[in-house]
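Q: Encoded as structure tokens, here's the structure I'll be asking about.
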Amino acid sequence: MRRPGRKTGTTLLPRSIFDRGTRGGQEARSQHFDPGCSGGTRLPEERSMSQHPADRITRRSGFTLIEILIVVVILGILASIIVPQFADAQSSTRAAAMRTQLKTIRGQVSAWRIQNGNAMPGGNSATASQMMETLIDDGYIVRTVFLSPGFIWEWNPTTGALNLSYNEAIEPSIPDADNDGDGDSDDIALIESW
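Residues 346 to 539, numbered by this note's numbering, are exactly what the sequence shown covers, in order.
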């Protein structure tokens, strides 16, 4: 089928070439094959239908349900990998804080014993709170740091163990000192397992 237009030689050109009309402020041209023309020449056409602003509405926009599901699955996989690492980091940070506090207490108990003739702070039968109060009253430790909420100190005068737990769940319960009263270095044991 031939389109109306001007004939130049054997090529039929559409009217829009001569009119120079634009649609949407653009002069986009495309080539298409017109089988009705002799010699199978390619003719310029005004513009393809998908470039017209009104045709953009009919084009596909947005994401399909499958694409959204794939993204959600990928995010779920990433979350399942990352979230446990943050939980482990929190508990290991808490354990590190407890170890640091126990080492500091060990050092302060050693300093107190050197100043007070190898006696234990608060006496050999003192509870953990009595021992801590003695160290606080004598200026060896600061109350706000070592008696912070959530940390529970336990002193066993029979075994000489100073334990620290967090929120009543024993995270790492670390024995720190023995109380055999012989005045040797075992009275304030090093935390070698940490």
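Heads up, the beta-carbon is just placed ideally off N, CA and C, and yes, glycines get one too.
Assuming Ala-456 and Tyr-485 form a contact by the criterion Cβ under 8 Å, report the distance between their Cβ atoms to the nearest whole angstrom.
A: 6 Å
Q: Helix, strand or coil: which one does DSSP assign to Ile-497?
A: Note: Ile-497 maps to strand in three-state DSSP.
Q: In angstroms with no decimal places, state the Cα-to-Cα distance between Ser-436 and Glu-478.
A: 28 Å
Q: Since Leu-507 contacts Ile-450 with CB under 8 Å, what's their CB separation in whole angstroms?
A: 7 Å
Q: Out of curiosity, what's the CA-to-CA distance linking Ile-497 and Ile-427?
A: 30 Å
Q: Alpha carbon to alpha carbon, how far is Ser-474 from Val-454?
A: 14 Å
Q: Pro-466: buried (16+ other C-beta within 10 angstroms of its C-beta) or exposed?
A: Buried, since its Cβ has 16 or more Cβ neighbours within 10 Å.
Q: Taking the beta carbon of Gln-446 as the centre, do at least 16 other beta carbons fall within 10 Å, making it buried, or is it exposed?
A: buried
Q: For Leu-480, count the other beta carbons within 10 Å of its own beta carbon; 16 or more makes it buried, fewer makes it exposed. Which is it?
A: buried
Q: To the nearest angstrom, report how far apart Ser-470 and Glu-499 are at their CA atoms.
A: 13 Å
Q: Ends of the alpha helix (DSSP H) at Ser-455?
A: 410 to 460
Q: Excluding sequence positions up to five away, which residues of its chain have a Cβ less than 8 Å from the Cβ of Arg-488?
A: Ile-481
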